[in-house]
Every structure is written in C-alpha cells, then in structure tokens.
Amino acid sequence: MNHAKWITHFQRNRERRAEPDWAAPFNLPESVLKHLRPSLAEYQLGDGGGPACLIAGDAEQFRGSSEAMRQIVDLWFAEEREHSRLLGRALDRIGARRVQGHWSFSAFLACRRVMGVRAELQVLLLVEIVSTVYYRLIQRHCTDQPLRDMCGLILRDEAGHIAFHRDRLAAAGVSGWGLGGALWELQFRGFCFAAAAMLWLNHGRCLTALGARPTEFVREIHRELSRFLWRLGRTVQAGTRPAGSASQLVGQSA
Ligand SMILES: [Fe+2]
Ligand SMILES: [Fe+2]
Numbered sequence: 094m095n096h097a098k099w100i101t102h103f104q105r106n107r108e109r110r111a112e113p114d115w116a117a118p119f120n121l122p123e124s125v126l127k128h129l130r131p132s133l134a135e136y137q138l139g140d141g142g143g144p145a146c147l148i149a150g151d152a153e154q155f156r157g158s159s160e161a162m163r164q165i166v167d168l169w170f171a172e173e174r175e176h177s178r179l180l181g182r183a184l185d186r187i188g189a190r191r192v193q194g195h196w197s198f199s200a201f202l203a204c205r206r207v208m209g210v211r212a213e214l215q216v217l218l219l220v221e222i223v224s225t226v227y228y229r230l231i232q233r234h235c236t237d238q239p240l241r242d243m244c245g246l247i248l249r250d251e252a253g254h255i256a257f258h259r260d261r262l263a264a265a266g267v268s269g270w271g272l273g274g275a276l277w278e279l280q281f282r283g284f285c286f287a288a289a290a291m292l293w294l295n296h297g298r299c300l301t302a303l304g305a306r307p308t309e310f311v312r313e314i315h316r317e318l319s320r321f322l323w324r325l326g327r328t329v330q331a332g333t334r335p336a337g338s339a340s341q342l343v344g345q346s347a
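Be aware that the sequence shown starts at 94, since it is given in this note's numbering, and climbs by one per residue.
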C-alpha cells in the first residue's frame with residue numbers, strides 16, 4: 094500500500110473547501126424540517142461527533158503498524174470531525190438541537206469496541222458506503238443550497254475514505270476464508286444490506302420527506318456496493334499478485 098499517496102491525498106483534500114453559505118435565504122417547509130432535524134442531528138453525532146479514532150481493543154495493531162499509517166488514520170478521522178462540524182452548522186441553520194446520545198449510536202460504539210480492529214474497520218467502511226447514499230439523496234432532493242453544498246463536501250471526503258479502504262483491503266492479500274474468498278464477499282454484502290436497512294429504519298422518513306423513494310435508495314445502495322467491489326477487484330488485479338476476483342483476495346481483512 095502506498096502510504097505516501099494517502100498522506101498527500103488527505104493533506105490536499107484540506108484545500109479548496111468553500112464553506113457553505115449558511116446565511117443564505119432559507120425556505121424549507123416544516124413538513125420536511127420535522128423529519129430533517131432529527132435525522133441530521135443523529136448524523137451530527139454519528140459522523141465524527143463521537144470518539145474520532147479507532148476504538149477497538151487492538152486498534153493500535155493497525156494504527157501503530159507504521160508511523161505513516163498512524164498519520165493516515167489521524168488524517169482520516171480529522172475529516173470525520175469536520176463532518177460533525179459541518180452538520181452542526183446545518184443543525185443551527187434548520188433550528189435543530191444537537192443530540193448527546195442515540196440507541197443506534199451506542200450500539201455502533203459497543204460493536205466497535207468489542208470487535209477486533211479488522212471488524213471495526215469493516216463496520217466503518219460499511220457505514221461510509223451506506224452514508225454515501227444518504228448524503229447523495231439529500232444532495233439530490235433537498236432544495237436548500239447550503240445543505241447541498243455541505244453534502245458535496247462530505248461526499249468528496251467519503252469517496253476518499255472508501256478508496257483508502259479499498260487500497261488497504263487489496264494490500265492485505267489472499268483470503269484465509271473458505272471457497273476462495275467467496276464467503277468474505279458474501280458476508281460483506283450481507284452486512285452492507287443490514288447497515289442499509291438500519292439506515293432506512295432511522296432515516297427513511299427524512300429521505301422520503303425530501304422526495305427520495307425506497308426503490309431509489311435500494312438502487313443506490315446496490316450501485317455503491319457493486320462499484321466498491323468492482324473497483325476492489327480492479328485494484329487487486331493491478332497489484333503484483335496473480336489476477337483474481339476481489340472476493341478471492343480480500344477476505345483476510347474482513
Ligand atoms: Fe464521515
Ligand atoms: Fe468517512
């Protein structure tokens with residue numbers, strides 16, 4: 094894995110970040126706002142508002158594997174903190190209160206703590222994949238320009254985070270899982286759809302109030318997941334290892 098590439102990416106990604114015009118005229122109807130407020134408040138807590146670091150018991154195994162990886166992980170989580178700041182400004186704009194806790198966030202943190210760091214990384218990746226769909230649908234359907242601009246900034250960062258995960262998975266090597274790694278891909282797809290179901294349970298009302306449809310959400314989830322797995326396969330094949338499918342080569346990092 095090319096650590097220098099990722100350090101450069103994160104440092105450059107700090108540049109040319111126009112702040113959304115939070116003072117712009119505001120005209121979202123209350124029928125939308127009453128669903129948007131709790132949804133964005135939950136995201137403000139979950140997307141960088143909690144502990145902005147890896148919290149698995151053995152997290153240091155990954156973060157401390159090299160000084161470069163420590164720097165990359167810190168830069169990655171600095172962007173997550175920035176998401177929480179942006180979402181906080183969005184909450185101020187729409188007149189929503191910040192939340193200090195939520196059952197889904199507590200469950201999310203508990204899972205990350207008790208699982209090993211490899212599983213924590215997978216959970217974070219899955220959340221980033223499904224959250225990409227959440228922000229994309231808000232960007233597509235919300236009529237408020239500052240909120241759309243905020244989603245644009247977050248989507249730009251999340252694309253980098255997902256690509257970083259793709260690189261680290263490809264670099265991790267051949268699966269120790271059975272059936273040539275197909276089990277890895279199967280569990281990854283299964284957990285991704287579970288994460289998507291959880292997202293829809295908590296935020297579906299907000300997305301539908303904005304004008305998104307359940308079929309659109311499912312289609313975007315499928316597209317995002319397929320794109321990730323396809324690009325992962327390409328990254329693996331572009332490496333020095335013998336060509337193979339993504340599922341044949343990445344399971345070790347599940
Ligand atoms: Fe984020
Ligand atoms: Fe992220």
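Ideal Cβ placement from N, Cα and C applies to all residues, glycine included.
**Candidates PHE170, SER158, PRO113, ARG206: closest to ARG241 by CA position** = PRO113
**Request:** Identify whether PHE119 lies in helix, strand or coil by the three-state DSSP scheme.
**Result:** PHE119 carries a coil assignment under DSSP once its states are collapsed to helix, strand and coil.
**Asked** Are LEU180 and GLN137 touching if we call contact CB-CB under 8 angstroms?
**Response** yes
**Request:** Give the secondary structure of MET162 by DSSP, where H, G and I count as helix, E and B as strand, and everything else as coil.
**Result:** helix
**Prompt:** PRO239: buried (16+ other C-beta within 10 angstroms of its C-beta) or exposed?
**Reply:** buried
**Asked** Is there at least one non-hydrogen atom of ligand 2 closer than 7 angstroms to the beta-carbon of HIS254?
**Response** yes
**Prompt:** SER224: buried (16+ other C-beta within 10 angstroms of its C-beta) or exposed?
**Reply:** buried
**Request:** Check the C-beta distance from LEU322 over to GLU251 and give it rounded, since I have them as a contact under 8 angstroms.
**Result:** 17 angstroms between Cβ atoms; not a contact.
**Message:** When you measure from the CB of GLU213 to every non-hydrogen atom of ligand 2, does any distance come out below 7 angstroms?
**Reply:** no
**Message:** Within 10 Å of its beta-carbon, does TRP169 have 16 or more other beta-carbons around it, so buried, or fewer, so exposed?
**Reply:** buried
**Message:** I'd like to know whether the C-beta atoms of HIS195 and GLU221 end up nearer to each other than 8 angstroms.
**Reply:** no
**Request:** Using 10 angstroms around the beta-carbon of GLU52, count the other beta-carbons present and answer buried if the total reaches 16, otherwise exposed.
**Result:** Examination of residue 52 is not possible in this model, given that the chain is present from 94 through 347 alone.
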